[in-house]
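If you want the working numbering, it's the 1-based position in the sequence shown plus 1456. Here is the structure we will look at.
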Amino acid sequence: MQDVNRRKFLKASSASLVGASLMGTSARWAGANDRIRVAVLGLGGRGRGHIREASANQGVEVVALCDPDRKRLETAAAEHQKAAGVKARCETDLRRILEDKEIDVVSVATTNHWHALATIWACQAGKHVYVEKPVSHNLAEGRKMIEAARKYKRFVATGTQRRSNGSFRKVMELLHGGVIGDIYLARCEYPQPRPALGFKQPEPPPSWLEWDLWLGPAPQQPYHANLVHYNWHWFWDFGNGEIGNNGPHFLDILRWGMRKGLPVRVQSVGGRFGEKDQAQTPNTQRTTMVYEDGSELVNDIRGVFAGEGFSWDFFGSKGYMHLNYRHLGTSYGCTYEVFLGRSKTPEPNQGEYPDVEHYSNFITALRAGKPELLNADITEGHLSAGLCHLANISYRVGRELRFDPKTERFVGDEEANRLLDCRYRKPFAVPEKV
């Protein structure tokens, strides 16, 4: 396939957006039955979830699918046609999707290293975006994604589904209402067993995989079977380790409860324990972050299973709150207990709110032309992914780091600052200016 002429592409996209406003972009969807046309990029578990979640909304049609894996593409297309009775356009190159002026929304469920570029290109092409966690592969990308969303006046939502869960929303109402007083410490436990990968040798990519498109922004390198699919999470060129895989969910809860952004200090230690394999990221990692007021955020990830479940704790000047993870069907919620003073007896439970389907929240906000209705705007996604990026950088350089949240740079540590960004393989480069 020929490359998209980026100059013409950007010129046309920019011209179509001159004078646009967020209200204006959704004016044609004022009626609940007006169609919103969605393209889904990346057709693994979350991508197929996006197809179902988008299609469940009245007036929303999934009209295009994209994946460099042709087997996944064919399977997802057949499933969608059977479920919806609609034959979607299929492409292996997402640039072909972005050229289509009939597409209103791009739903990004690719590998992590594609998230930022797909989102920025989509905004430049006049599309609104729903992007999976972590929204970015490095911290600098997240800030550029925000800039693109604001410059081109696009709705960009983050796939942190717990932001729409009724139990978590009730917890946040209680915490923000001062039920345990001023929060000085929040921590989460995330034990997740991951089997060793073993070692795979380089080999020619399979015939069904467009390897160059799969690599995209990443450095040129040979294919091996531990990358495709899912285990790319454990290699730095494509993923962000376990903390970047599920940390954006779990750390997002801590940050949300504390009403914090990025910290002023971070230290992350760990390693890859158990059976040896070729994965690069730690399977065990303890991170401590300190904010300007001295409050702390602590996260433990353990990939060698220890038997306990996922949990969160918030400690305040009046007591503490304990949350246990709950997964029922498509609901990612929690149970909670509040202990005040020295009491070992929990306070009476105050119930929870009804769940809101997270993708539906995105569609509702888009139809209304009101970005303030988004439960997880791109800024929230950037900050929560940012915690994971800072932790990984501390782990990789092997020391505690000081950080300036205003400039989003480390203080006096150029080695660490170099890891805030990366070099891209042309023509798949995240632009310096969006």
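Glycine included, C-beta positions come from ideal geometry on N, C-alpha and C.
DSSP places residue 1496 inside the beta strand (DSSP E), whose first and last residues are 1492-1497. If you ignore the 5 residues before and after residue 1789, its C-beta comes within less than 6 Å of the C-beta of 1621, 1623 and 1782, all in its own chain and listed in chain order. The Cβ atoms of residue 1773 and residue 1860 do not sit closer than 7 Å to each other. Within the same chain, 1671 and 1693 come within 8 Å of residue 1677 by CB-CB distance, once the 5 residues on both sides are set aside.
In the DSSP assignment, residue 1613 falls within the beta strand (DSSP E) that extends over 1612-1614. Within the model, the alpha-carbon separation for residue 1617 versus residue 1501 is close to 15 Å. Here residue 1833 carries a strand assignment [DSSP, helix/strand/coil]. Positions of the beta strand (DSSP E) runs, each at least 3 residues long and wholly inside the segment 1570-1622, are given as 1584-1587 and 1612-1614 in order along the chain.
Separation of residue 1530 and residue 1602 (C-alpha to C-alpha, rounded to the nearest whole angstrom) is 33 Å. Rounded to the nearest whole angstrom, the CA to CA distance from residue 1730 to residue 1849 is 23 Å. Around the beta carbon of residue 1686, fewer than 16 other beta carbons lie within 10 angstroms, which makes this residue exposed.
Counting only runs of 4 or more residues that sit fully inside the segment 1646-1676, the alpha helix (DSSP H) segments are 1667-1671, in chain order.
Burial state of residue 1836 is buried, judged by a 10 Å Cβ sphere holding 16 or more other Cβ atoms. Rounded to the nearest whole angstrom, the CA to CA distance from residue 1870 to residue 1843 is 19 Å. From the listed residues 1505, 1559, 1534 and 1525, the smallest Cα separation to residue 1519 is found for 1559. By the Cβ-count criterion, residue 1663 is exposed, with fewer than 16 other Cβ atoms from all chains shown falling within 10 Å of its own Cβ. Here residue 1576 has 1600, 1601, 1604, 1886, 1887 and 1890 as same chain residues with Cβ atoms under 8 Å from its own Cβ, once five neighbours each way along the sequence are excluded. Of all C-beta pairs linking the segment 1734-1742 to the segment 1696-1705, three or more are shorter than 8 Å, placing the two stretches in contact. Among the bridge pairs identified by DSSP, residue 1546 is matched with 1521. For residue 1514, the closest of 1526, 1540, 1523 and 1503 by C-alpha to C-alpha distance is 1540. If you check the CB distance, residue 1642 and residue 1707 do not come in under 7 Å. DSSP, read as helix, strand or coil, puts residue 1768 in strand.
Under DSSP, residue 1755 forms a beta bridge with 1644 and 1743. Its Cα nearest to that of residue 1881, the residue 1674 stands out among 1745, 1674, 1769 and 1619.
Under the 10 Å beta carbon count, residue 1490 is surrounded by fewer than 16 other beta carbons and is classified as exposed.
Residue 1644 is positioned such that its CB atom lies closer than 7 Å to that of residue 1768. Fewer than three beta-carbon pairs drawn from the segment 1543-1557 and the segment 1799-1812 are found closer than 8 Å, and the two stretches are therefore not classed as touching.
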